[in-house]
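Structure first, then comments.
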Amino acid sequence: MQQKPTRARILDAAHELMLTLGLSRATTKEIAKTAGCSEAALYKHFASKEELFVSVLQERLPRLNPRLRQLIEEPGERSVEENLVEIARLATHFYAESFPIGASLYADPKLKRRHEDSMRALGTGPHMPIEALDAYLRTERDAGRIAPDADTFAAASLLMGACAQRSFAYDATVAEQPPQPVEEFAAALARTLLKGISS
Numbered sequence: 311m312q313q314k315p316t317r318a319r320i321l322d323a324a325h326e327l328m329l330t331l332g333l334s335r336a337t338t339k340e341i342a343k344t345a346g347c348s349e350a351a352l353y354k355h356f357a358s359k360e361e362l363f364v365s366v367l368q369e370r371l372p373r374l375n376p377r378l379r380q381l382i383e384e385p386g387e388r389s390v391e392e393n394l395v396e397i398a399r400l401a402t403h404f405y406a407e408s409f410p411i412g413a414s415l416y417a418d419p420k421l422k423r424r425h426e427d428s429m430r431a432l433g434t435g436p437h438m439p440i441e442a443l444d445a446y447l448r449t450e451r452d453a454g455r456i457a458p459d460a461d462t463f464a465a466a467s468l469l470m471g472a473c474a475q476r477s478f479a480y481d482a483t484v485a486e487q488p489p490q491p492v493e494e495f496a497a498a499l500a501r502t503l504l505k506g507i508s509s
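In terms of my numbering, the sequence shown is residues 311 to 509.
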C-alpha cells in the first residue's frame, strides 16, 4: 500500500496530537515523529506551528468557512432557514472538534498572544466565521429575505456563539450529553434566530 504524501501525514499527525494533547503541548518535533518525517521536512511544508494549526482547521475539520463563502455568492438557492440550519450544524461540529485543540492556549497567556499575532499575520482567526455569516445575512437583508433593520452582526454572533457554547458546555469527554441531538439543536437555533430577524 502506497504511503500518503508527507504533507498529508503531517496534517494527520498534527490533527491527532492537537486533539489528544492540545495545541500548546503538541510540539513540531512530536508531530514530525508521529508523521514519520524529520522536523526539517515539516518546516518545508509549514512555516510555523501556527500555520500548521490553521491548515488543520481548514483541511481536517468540518468545512465551515468555505460553505459560508459559497452562501455569500449564491444566497438564494434555498430558504434562509435551511441555510441557517446547515450553518448551525457545521458550526456545531467545527467548534466541537476545534475547541479541544485550541483550549490549551487559554492556559498560557504568552502562547495565546503569540498565536493571535500569528493568526493576524496569516489573515485568519476565530472572528472569521462570524464575519462571514454577517456578510451572508447582509446579502439576505439586501434581497429582502430578512428584516431591513436586522442587526446581522448580532445575529451572526448569537448563532456562532451558541454553537461554540454547546461545544464548551458539553465536552465529548463527559458522560452528560447535550439536551438535543445536533440536528435538532441546529434547527431550533436557526428557527429561533430567524424569528428575531424576519421581516
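Note that CB positions come from ideal geometry on N, CA and C, so glycine has one too.
To the nearest whole angstrom, what separates the beta carbons of residue i and residue j, a pair I think is in contact under 8 Å?
i	j	result
I456	S509	6 Å
A401	P436	Wrong, their Cβ atoms sit about 12 Å apart, outside the cutoff.
S414	G332	3 Å
F463	R476	21 Å between Cβ atoms; not a contact.
L499	A479	That pair is no contact at about 14 Å.
Starting from the C-beta of residue i, find all residues in its chain whose C-beta is less than 6 Å away, skip the five residues before and the five after it, and write them out in chain order.
i	result
I507	I456, A457, A460, A465
L272	Residue 272 cannot be examined here, being either before or after the span of the chain that is shown, 311 to 509.
P372	L400, H403, F404
CB-CB under 7 Å to residue i, same chain, minus the five flanking residues each way: which ones, in chain order?
i	result
R501	E391
L443	L378, I397, A466, L469, M470
L381	N393, Y446
Y416	K422
With residue i as the anchor, note down where its alpha helix (DSSP H) starts and where it stops.
i	result
Q475	462-479
S365	359-370
E493	492-507
Y446	438-452
G412	390-412
Q380	374-383
S348	That residue, S348, is in no alpha helix (DSSP H); it is neither H nor E in DSSP.
I320	316-331
Less than 8 Å between C-beta atoms, sequence neighbours within five positions excluded: which residues of the same chain meet that for residue i?
i	result
V364	M429, L432, T434
V366	L321, A324, H325, M328, I411
A474	A401, Y405, F409
K339	E349
Beta carbon of residue i: closer than 6 Å to some heavy atom of the ligand NAD?
i	result
H425	In the structure on display, the ligand NAD does not appear, and there are no ligands present to speak of.
Query raised in the report: Does the stretch 336-353 come close enough to the stretch 315-327 that 3 or more CB-CB pairs lie under 8 Å?
Result: Yes: at least three Cβ pairs fall under 8 Å.
Query raised in the report: Does the stretch 353-362 come within contact of the stretch 394-406, defined as at least 3 CB pairs closer than 8 Å?
Result: No, the stretch 353-362 is not in contact with the stretch 394-406.
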